[in-house]
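Count along the sequence shown from 1, then add 2; that gives the number in the numbering used here.
To start, the structure itself, in structure tokens.
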Amino acid sequence: MTARCIRLRLDGAPPIRYSTENRLAGRFAEAGRQDHNLGKDQPMSDSVFPAGNLMKGKRGLVMGVANKNSIAWGIAQQLAAQGAELAFSYQGEELEKRVRPLVESLPGSPFMVTADVTDDASMDACFEALQKKWGRMDFLVHAIAFAGKDELQGSFTHNTTRDGFKRAMDVSAFSFVDAAKRASALMPDGGAMVCLTYLGSERVVPNYNVMGVAKAALEASTRYIARDLGPHGIRVNAISAGPMRTLAMAGISGGRTLMKTGKDWSMLKEDTRMEGVAGAALYLLSDLGHSCTGEVLHVDAGFHAVGVPDIAEEG
Ligand code: NAD
């Protein structure tokens, strides 16, 4: 870990160390989610975000921090460690209590604004505030998804309702189209965008159900948005992360098994690491990512490419 970190450092500055205590089980109970045991016996390791100047002079909006385990928060810390100026949108006053102390721990007093992606007036207000504050921006991070818990279990065919389908698609797929439209209007000099997806879009994953369908729509949207915005110098990509212990994962029935299988079947035999996901976002959002657009980049310890898990020697 240390060796990798030193290799990546550009300016000799110490990396930001992100320490995460495992208090997820309590959080899940608080949130009324399903898998209260998820992550209980698997403390998350510290994440190290290499410091440098890759994002210096770039400003962007991070959508989707709910708490310190959020993928958006890992990405935000990595971007901040590379000099990005950040704004954060969060889903309503309830989350502000958790998000504000995190955001205030970053250098440079990042800007915070509430935005419910299902509400046009709220999105209008968010992007008007950004326009007023910055006038222009360089990148967008979209790490937002939602489906009702009844739809994240059992039979996709029998449990998916019209309203649940529309809601999952609205929050988890359309919101990226909407945010990309609004953000691109503030990117006259080009820019970059990333969203977060999961393998359940390409393959059947038990209980992922309607969210898999929404992620397929999100990935297709990524390609269409990339085509539209390409001529304006804006690159648009998706990161397909392996299972990670977050609130969103806790809403999926059997999330603990997903985590264990994700590790046991993976090529690297490890959990997907926040450093890997945040590092992929840094690559895609910085100038390192030149020429890469319309891509779905898998960061899942190689799980997506495995056809058959390890077979014990036959005697
Ligand atoms: P998370 O719960 O920390 O983040 C989900 C975010 O979505 C929260 O901040 C929540 O407030 C936001 N959100 C939901 N409805 C919203 C609305 N109407 N308006 C505004 N915001 C809303 O969980 P996470 O795992 O960090 O999820 C981030 C992204 O990563 C999601 O797109 C998720 O599908 C994706 N992802 C997660 C995993 C995983 O295993 N955790 C794997 C692959 C992809």
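We put the beta carbon where it would ideally sit given N, CA and C, even for glycine.
Are there any heavy atoms of the ligand NAD lying less than 7 Å away from the beta-carbon of Thr248, as far as the coordinates show? yes
Residue from Asp126, Leu132, Thr120, Asp121 whose Cα sits closest to the Cα of Met114: Leu132
Would Thr274 be called buried (16 or more neighbouring beta carbons within 10 Å of its own) or exposed? buried
Smallest Cα separation from Ser186: which of Ile77, Ala175, Arg229, Arg205? Arg229
Sequence-distant residues of the same chain with beta carbon closer than 7 Å to Ile227, five excluded per side: Val179, Ala182, Val238
Separation of His144 from Leu198, as counted between CA atoms: 7 Å
Reduced DSSP category for Leu154 - H, G, I as helix; E, B as strand; rest coil: coil
Straight-line Cα distance separating Gly304 from Val207: 16 Å
Which value, in whole angstroms, describes the spacing of the CA atoms of Val308 and Gly214? 19 Å
Judging by CA-CA distance, which residue of Pro233, Gly244, Gly94 is the nearest neighbour of Asp121? Gly94
Is the beta carbon of Gly76 sitting closer than 8 Å to the one on Ala280? yes
Per-residue DSSP class, three states only, for Asn71: coil
Exposed or buried, which one is Arg102 when buried takes at least 16 other CB atoms within 10 Å? exposed
Considering only DSSP beta bridges, list what Arg237 is partnered with. Ala194
Cβ-Cβ distance between Ala194 and Ile236 below 8 Å: yes
Taking only heavy atoms of the ligand NAD into account, decide whether any of them is closer than 7 Å to the Cβ of Ala175. no
For Phe178, the three-state DSSP class (helix, strand or coil): helix
Out of curiosity, what's the CA-to-CA distance linking Leu97 and Glu316? 53 Å
Please report the residue range of the beta strand (DSSP E) in which Ser61 lies. For the record, residue 61 in the displayed sequence is Arg; it is not Ser. Where Arg61 is concerned, the enclosing beta strand (DSSP E) stretches over 61–65.
Is Ser255 near the ligand NAD, in the sense that its beta carbon is under 7 Å from a heavy atom of that ligand? no
Could you check which residue in Glu221, Met269, Leu249, Ile254 has the C-alpha nearest to that of Glu297? Glu221
Near the ligand NAD: Val115 beta-carbon under 7 Å from a heavy atom: no
Can you give me the C-alpha to C-alpha distance between Phe129 and Asp140, rounded to a whole angstrom? 14 Å
Report the rounded CA-to-CA distance for Asp43 versus Met276, giving the unit in angstroms. Note that Asp43 scores 31 on pLDDT, short of 50, meaning its location in the model is unreliable and no value can be drawn from it.
Buried versus exposed call for Val310 [16 or more other C-beta atoms within 10 Å across all chains shown]: exposed
Helix, strand or coil: how does DSSP classify Glu272 here? coil
Within the region 274–306, note down every full alpha helix (DSSP H) run reaching 4 residues or more, in order along the chain. 276–287
Quick one: what does DSSP say Tyr226 is sitting in, helix, strand or coil? helix
Nearest-angstrom beta carbon gap, Thr248 and Ile73 [assumed within contact, 8 Å]: 6 Å
Can you check which of these residues, Ser268, Tyr210, Val105, Met269, is closest to Asp152 by C-alpha distance? Tyr210
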